[in-house]
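Asks: Line order of the protein sequences matches chains A and B. The first sequence begins at 11 in my numbering and counts up by one. The second sequence begins at 11 in my numbering and counts up by one. By construction, the Cβ of each residue, glycine as well, lies at the ideal position given by its N, Cα and C atoms.
There are 2 protein chains.
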Amino acid sequence: MNYRIDNLQYCNWSREVFQINREANLDAVHVTIVYHEDYKEFLKKIEEWDIHFKKNEDLIFQGKNYKDIERAKLEKKTAIFFGFQNCSPIEDDINLIEKVYEKGCRFMQLTYNNQSLLATGCYEKNDSGVTNFGKEAIKEMNRIGIVIDMSHSAEKSTLDAIDISEKPIAITHANPLFWHNAIRNKSTELLKTLSDSNGMLGLSLYSHHLKDGKNCKLESFCEMTARTADIMGVKNIGIGSDLCLNQPDSVVEWMRNGTWTKKKNFGEGSKKKPGFPKQPDWFIDARGFENLEKGLSKVGFDKLEINGILGNNWFNFYKGIN
Amino acid sequence: MNYRIDNLQYCNWSREVFQINREANLDAVHVTIVYHEDYKEFLKKIEEWDIHFKKNEDLIFQGKNYKDIERAKLEKKTAIFFGFQNCSPIEDDINLIEKVYEKGCRFMQLTYNNQSLLATGCYEKNDSGVTNFGKEAIKEMNRIGIVIDMSHSAEKSTLDAIDISEKPIAITHANPLFWHNAIRNKSTELLKTLSDSNGMLGLSLYSHHLKDGKNCKLESFCEMTARTADIMGVKNIGIGSDLCLNQPDSVVEWMRNGTWTKKKNFGEGSKKKPGFPKQPDWFIDARGFENLEKGLSKVGFDKLEINGILGNNWFNFYKGIN
Chain A
11 MNYRIDNLQY CNWSREVFQI NREANLDAVH VTIVYHEDYK EFLKKIEEWD IHFKKNEDLI
71 FQGKNYKDIE RAKLEKKTAI FFGFQNCSPI EDDINLIEKV YEKGCRFMQL TYNNQSLLAT
131 GCYEKNDSGV TNFGKEAIKE MNRIGIVIDM SHSAEKSTLD AIDISEKPIA ITHANPLFWH
191 NAIRNKSTEL LKTLSDSNGM LGLSLYSHHL KDGKNCKLES FCEMTARTAD IMGVKNIGIG
251 SDLCLNQPDS VVEWMRNGTW TKKKNFGEGS KKKPGFPKQP DWFIDARGFE NLEKGLSKVG
311 FDKLEINGIL GNNWFNFYKG IN
Chain B
11 MNYRIDNLQY CNWSREVFQI NREANLDAVH VTIVYHEDYK EFLKKIEEWD IHFKKNEDLI
71 FQGKNYKDIE RAKLEKKTAI FFGFQNCSPI EDDINLIEKV YEKGCRFMQL TYNNQSLLAT
131 GCYEKNDSGV TNFGKEAIKE MNRIGIVIDM SHSAEKSTLD AIDISEKPIA ITHANPLFWH
191 NAIRNKSTEL LKTLSDSNGM LGLSLYSHHL KDGKNCKLES FCEMTARTAD IMGVKNIGIG
251 SDLCLNQPDS VVEWMRNGTW TKKKNFGEGS KKKPGFPKQP DWFIDARGFE NLEKGLSKVG
311 FDKLEINGIL GNNWFNFYKG IN
């Protein structure tokens, strides 16, 4: 059986988006449900998702483990797995890790761009690695079954997390630094360490992570995938598109600024280009998986490898964690 | 006019404690009102203090600026200034700095022992300094008038804070490392940088910070004070006793562990000595200021210098910040 999985989306959720994901034959999507929210605000998000699930039960349901991906395939629906882009919902309380798991959280970034209580984000000047609380949180996440996601974390913190975690970790949405020099992209050394520990990289389709931005060529992306497979092995690579369909620019402003600064921070953007960037024309939305399939074939991947990259590798990773 | 100020106490507050502080002729005390509390829990503490002020209006009132210390002297009362030992009440929101000021907060540690969102605590393995959010928070604290307190912070973070802050900062309760090698005590280099920037050190009477612990001799403490004055200048030294009168041991356990770990952390204590340490017999409570006065005289300080150390230096510092 072959699965199609997009292991990171943060769309302005609507029936239209769920339909597009179905048209793309996605059996599972890992969706970001919080950025900077605290525990109470996280519970509000859960209520919002309860309504999505009720109103769109013909298209989606909540995923809890890999068996829900198998079920989604059979029922021609998309299993929705919850994840956090920051650890803010657990606040300063290790006991909340079990609580957020009970509500469905399966991935949690130890940091967004800034320092968190657990580790250092990639936009900080200095990186002190995983903190005292971070070490305890990783142990608890391992015990409970929440995947450690280091997509937005700084390098030493990520290497620390790989070292401390007894289970493989994930970088759900980022690209290699050798291809495009962006603060959010990852060094070859880090990618090697990640794959040596059976961790997964979800390749991102977000323009700020792409060579030539929105003008990035499909061929270039697929060649980069081939070179990344040389480094990491083809089984440790998947897709984490970072699609932010239909989000207003106020959302990216909030993602970057939260409530931590009074002056505006532009993150990956700039004063001139403060909003969400445009997508490359071959990946406007998840239906672009079809283009990826063709493009990956052209650079020499075989069917087994392509199905791995487009979903089966993530499926196997999910299988390993539950 | 001479003032007596203890610039750090965290007692189990009661009429008895306020009476003792009056017997000690304290015109002002900086009291810790939160350790790990969030904003809502901080508001609860404010309610508790409102009751203390009502029930004990013949002994104490809330201090807002240095004029309240002058008033306290005249009225033979103690002005109570609020402070935080961690930045948890501002959560991840820079706007809360103004809110906590409005309720009376005048000192805030950027960290307790662990990493915070603002800086690194002295019990972390690595110290990445003041964070992105920390830089913004310092600017805002400067603007609003909350003193940056780095008593429990790591060294680079403290040096960063001194460098970034446009106003003098404080280490309200710690001792020099040259005298007693404890994680919480401060290096000579740091103390020099602190005094060069007109910052204040509050010498601590907490046994874990004292040479020979509870058996520390008054003479030794006063000689250390003289050597510290050689390094920092006598005008940058005061007292921050760190008195924790009548607190049950469950409180020190909570101070150290908060909710960040499932296994027990003993902080400055140990498995064998997990509780609050005993005070040296010459400083059981604030009435020990009288012993300090005699002791400081014996090691050669003159009256002006002694009155500076026992309160006037802090008074001048308060005067500078408002």
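#1: If we ignore side chains and look at the alpha-carbon of each, how far apart do Leu-128 of chain B and Ser-280 of chain A end up?
#2: Indicate, with yes or no, if the ligand PLP has a heavy atom lying under 7 Å from the CB of Val-44 of chain A.
#3: Relative to the alpha-carbon of Lys-272 of chain B, which residue among A:Ile-104, A:Ile-156, A:Asp-291 has its alpha-carbon at the smallest distance?
#4: Got a sec: is the Cβ-Cβ distance from Ser-5 of chain B to anything in chain A below 8 Å?
#5: Counting only Cβ pairs nearer than 8 Å, list the residues of chain B close to Phe-143 of chain A.
#6: By DSSP, does Arg-81 of chain B sit in helix, in strand, or in coil?
#7: Would you mind working out which of A:Phe-63, A:Glu-229, A:Gly-212 sits nearest Val-244 of chain A, comparing C-alpha positions?
#8: Report yes if the C-beta distance between Phe-188 of chain A and Ile-156 of chain A is below 8 Å; otherwise report no.
#9: Could you name the residues that DSSP lists as bridge partners for Lys-196 of chain B?
#10: Kindly list, in the order they appear in chain A, the residues whose Cβ is closer than 7 Å to that of His-46 of chain B.
#11: Using a 10 Å radius around the Cβ and a threshold of 16 neighbouring Cβ atoms, would you call Met-11 of chain B buried or exposed?
#12: Determine, using beta carbons only, whether Ser-214 of chain A and Gly-250 of chain A come nearer to each other than 8 Å.
#13: Consider the Cβ of Asp-295 of chain A: report whether some Cβ of chain B lies at a distance smaller than 8 Å.
#14: Out of A:Lys-65, A:Arg-14, A:Asn-317, A:Gly-310, point me to the one whose CA is closest to Asn-33 of chain A's CA.
#15: Taking 8 Å as the CB-CB limit, is Asp-173 of chain B close to chain A?
#16: Report all residues from its chain with a CB closer than 6 Å to the CB of Arg-266 of chain A; omit the five preceding and five following residues, and keep chain order.
#17: Where do the ends of the alpha helix (DSSP H) carrying Ala-171 of chain B lie?
#18: Applying a beta-carbon distance threshold of less than 7 Å, which residues of chain E neighbour Thr-130 of chain B?
#19: Where in the region 69-139 of chain B do unbroken runs of the alpha helix (DSSP H), each at least 4 residues long, occur, reported from the N-terminal end onward?
#20: Between Ala-239 of chain B and the rest of its own chain, which residues show a CB-CB distance below 7 Å, the 5 nearest in sequence each way excluded?
#21: Taking the beta strand (DSSP E) that Gly-212 of chain B falls in, what are its first and last residues?
#22: Would a C-beta distance cut-off of 8 Å place Ile-316 of chain A and Leu-306 of chain A closer than the cut-off?
#23: Our contact map puts Ser-138 of chain B next to Ser-138 of chain A with C-beta atoms below 8 Å; I'd like the distance itself, whole angstroms only.
#24: Counting C-beta neighbours from all protein chains within 10 Å, is the total for Glu-150 of chain A 16 or more, i.e. buried, or is it exposed?
#25: Determine, using beta carbons only, whether Glu-176 of chain A comes closer than 8 Å to chain B.
#26: Please report the Cβ distance between Thr-42 of chain B and Tyr-76 of chain B, rounded to the nearest whole angstrom; I am assuming they are in contact, meaning their Cβ atoms lie under 8 Å.
#27: Is there a Cβ of chain B sitting closer than 8 Å to that of Tyr-133 of chain A, yes or no?
#28: Using DSSP bridges, identify the partner residues of Ala-236 of chain A.
#29: Using a Cβ-Cβ distance under 8 Å, would Asn-105 of chain B count as near chain A?
#30: Within 8 Å of any Cβ in chain A, is that where the Cβ of Glu-150 of chain B sits?
#31: Per DSSP, what kind of secondary structure is Thr-42 of chain A in: helix, strand or coil?
#32: Exposed or buried, which one is Phe-52 of chain A when buried takes at least 16 other CB atoms within 10 Å?
#33: Can you tell me whether Leu-84 of chain B is buried or exposed? The criterion is at least 16 other CB atoms within 10 Å of its CB, across all chains shown.
#34: List the DSSP bridge partners of Ile-247 of chain B.
#35: Which residue from A:Ile-154, A:Ser-126, A:Phe-231, A:Trp-270 puts its Cα closest to that of Lys-113 of chain A?
#36: Please report the Cβ distance between Gly-144 of chain B and Ala-180 of chain B, rounded to the nearest whole angstrom; I am assuming they are in contact, meaning their Cβ atoms lie under 8 Å.
Replies: On the basis of the data shown:
#1: 25 Å
#2: Absent from the structure shown: the ligand PLP. Ligands present: none.
#3: A:Ile-104
#4: Any answer about residue 5 of chain B is impossible in this case: the structure gives chain B only from 11 up to 332.
#5: Asn-124, Gln-125, Trp-270, Thr-271
#6: helix
#7: A:Gly-212
#8: no
#9: B:Pro-186
#10: Asp-102
#11: exposed
#12: yes
#13: no
#14: For the record, residue 33 of chain A in the displayed sequence is Glu; it is not Asn. Nearest C-alpha to Glu-33 of chain A: A:Arg-14.
#15: no
#16: Asn-275, Gly-277
#17: 165-174
#18: Given the protein chain composition of this structure (A and B), no chain E is represented.
#19: 76-85, 106-112
#20: Ile-247
#21: 210-213
#22: yes
#23: 4 Å
#24: buried
#25: no
#26: The Cβ separation is near 20 Å, so there is no contact.
#27: yes
#28: None, per the DSSP bridge assignment.
#29: yes
#30: yes
#31: strand
#32: buried
#33: exposed
#34: B:Leu-211
#35: A:Ile-154
#36: About 16 Å separates the two Cβ atoms, so there is no contact after all.
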